[in-house]
Structure formats: structure tokens, C-alpha cells
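J.: Numbering (the working numbering), first residue to last: 73 to 282.
Just dropping this structure here.
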Amino acid sequence: MDTFYWYPGACSFAVHAVLEETGHPYEARKIDIHGGDNDTPEYRAIHPRGLVPVLQTEAGLLTEAPAILLHLADSHPEANLVPKPGTIERTRCHEWLLYGATYPHPIFSRVMRAERFVADPGAKDSVRNKAQEEFWEALQLTDRKLDGRRFALGNAYSICDPYLTVFWFWGRFVGLPVGDLAAYSKLAARVLERPAVRKAVSDEQLPIAL
């Protein structure tokens, strides 16, 4: 059985949802990244940067949400959560995962942990405010990219969808008007209809109406 390290509402939520979707056997271990669990020598030995998610497998440790999502989908082809290798649809899947990992995610890090990006503590609020503006722009672009689609890859649910939904959650968490993003909000609603996603929401005790 693999061991899954997570924190409520973090990008590890997407992995949590896909673990439930695939039926992959796992033991969940919550890491309080705001309470210092991630700064212990024991956890730093697992993830040197103290981040989540981590999936500890017999073959070794896996980090980075997109990589773990791809591993789970490829390990459970019967779940139909990722297109076949060599297809343009597979490339589109990678495109969405890289989009999330390189655009909205790092911006949100500046929203939540602005102090890490400045030498002058007095500049923290300015960094956070600017990052929140940029994060909203990222969510708006995502909404435009999703327009006319039932799911990120078209009509089929995939690992891209719970991953993108994480950023929608984050926008709502910091008070952005994500409800105004029609296509994105419809995607989030469809994702939240899935029993596996609802189970992950319940397990993480997230304040999301189901």
C-alpha cells in the first residue's frame, strides 16, 4: 500500500481525488504545512523542500502533483483518466498540467507566502496584492480556455479536471469572484459531482457545499 502525504485544500487535493477515483490502495498522512509538520527532519527526509503531495511507493518517492496524477492514471488504465500516449489528446493533457504548474500555482505561492519573496518585510503586502491581481488574471484566462468545453479535454473527464479545480478553490478561498467565471465554475461543479471527488472533499473537511 502506498503512503500519501497531503494537506487540506493544497494541490494534493487533486491527487487525493484521483486516488479515490482509481481505487488505488493508499494510507493517508496529513502534513500540517502551516503547523510545522513539514519542517521536521523526518519529513524533510521525504521531501527536502517540505512540500505536498508525496506518494511513497514500492518503487520510491514521487513528488509533484502532475507527475503523481500521470502515474496513477497510467497505473489504472481502466479508469480512463488520461489519453493514450502518442496522441494529440495526451499532449493536450500534458499541456494543461504544465499550464497549472507553471502559471496559476506559482503565482498563488506569492499570494499565500509573500514574505518568502521579499527581503524587506514592508514590501510583503505589495507583493501579495500584485500576486492576487495576477492570480485573478490566470483564473480568467483558464475560464476562456475552458469556454465551450464540458471538461478540460473536451467531453471526457481526466486528471486535468480535479487539478484545475484546485485553483478555482484557491480563488474562492482568497475572496476572488470565481462565480463570475461561467465556464470554470461549471467545470468545478461537474468535478464536484463525482463521488470520488466528494469523498476527497469529505476526508479533507473542506468548506465546500456538495
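Quick reminder that beta carbons are idealized off the backbone N, C-alpha and C, glycines included.
Every value quoted in this text rests on a predicted model; they were computed, and no experiment measured them.
(1) If you reduce the DSSP assignment to three classes, tell me which class residue 224 lands in.
(2) How is residue 128 classed by DSSP in three states: helix, strand or coil?
(3) Three or more C-beta pairs under 8 Å: does that hold for the segment 256-263 against the segment 179-197?
(4) Expressed to the nearest angstrom, what Euclidean distance is found between the alpha-carbon atoms of residue 121 and residue 78?
(5) When the Cα atoms are used, what is the spatial distance from residue 212 to residue 242?
(6) For residue 129, tell me which candidate among 153, 147, 234 has the shortest Cα-Cα distance.
(7) Residue 98: which of 215, 175, 126, 247 sits nearest, CA to CA?
(8) If we ignore side chains and look at the alpha-carbon of each, how far apart do residue 166 and residue 138 end up?
(9) Assign residue 131 to one of two classes, buried (16 or more other C-beta atoms within 10 Å of its C-beta) or exposed (fewer than that).
(10) Would you list the one or two residues that DSSP bridges to residue 99?
(11) Assuming residue 235 is part of the alpha helix (DSSP H), what are its boundary residues?
(12) Mark residue 143 as exposed unless 16 or more other C-beta atoms lie within 10 angstroms of its C-beta, in which case mark it buried.
(13) Since residue 180 contacts residue 223 with CB under 8 Å, what's their CB separation in whole angstroms?
(14) Within its chain, find whatever has a CB closer than 6 Å to the CB of residue 41; leave out the 5 residues flanking it on each side and keep chain order.
(15) Would residue 252 pass as an interface residue toward chain C - the criterion being a Cβ-Cβ separation below 8 Å?
T.: The short version:
(1) As a first step, residue 224 must be located in the sequence shown, where it is residue number 152. The answer is coil: DSSP assigns residue 224 none of H, G, I, E or B.
(2) As a position in the sequence shown, residue 128 is number 56, starting the count at 1. The answer is strand: DSSP assigns residue 128 an E or B state.
(3) no
(4) The sequence position of residue 121 within the sequence shown is 49, counting from 1. The sequence position of residue 78 within the sequence shown is 6, counting from 1. Distance between the alpha carbons of residue 121 and residue 78: 14 Å.
(5) Stepping through the sequence shown from its first residue, residue 212 is reached at position 140. Stepping through the sequence shown from its first residue, residue 242 is reached at position 170. So the two alpha carbons sit approximately 13 Å from each other.
(6) Position 57 of the sequence shown, counting from 1, holds the residue named residue 129. Cα-wise, what sits closest to residue 129 is 147.
(7) For the purposes of this step, residue 98 is taken as the residue at position 26 of the sequence shown. That would be 126, whose Cα lies nearest to the Cα of residue 98.
(8) By one-based count along the sequence shown, residue 166 stands at place 94. By one-based count along the sequence shown, residue 138 stands at place 66. Answer to the nearest angstrom: the Cα atoms are 8 Å apart.
(9) As a first step, residue 131 must be located in the sequence shown, where it is residue number 59. By the neighbour-count rule (16 or more Cβ atoms within 10 Å), residue 131 is not buried but exposed.
(10) As a working note, residue 99 is residue 27 in the sequence shown. Note: residue 99 sits in a beta bridge opposite 75.
(11) Counting from 1 along the sequence shown, the entry for residue 235 is found at position 163. 232-245 is the span of the alpha helix (DSSP H), which, as asked, contains residue 235.
(12) Within the sequence shown, numbered from 1, the residue matching residue 143 stands at position 71. That one is buried.
(13) If you number the sequence shown from 1, residue 180 lands on position 108. If you number the sequence shown from 1, residue 223 lands on position 151. Actually they are not in contact, since the Cβ atoms of residue 180 and residue 223 sit about 22 Å apart, beyond 8 Å.
(14) Only positions 73 to 282 of the chain appear in this structure, which leaves residue 41 out of reach.
(15) In the displayed structure, chain C is absent; only one protein chain is listed.
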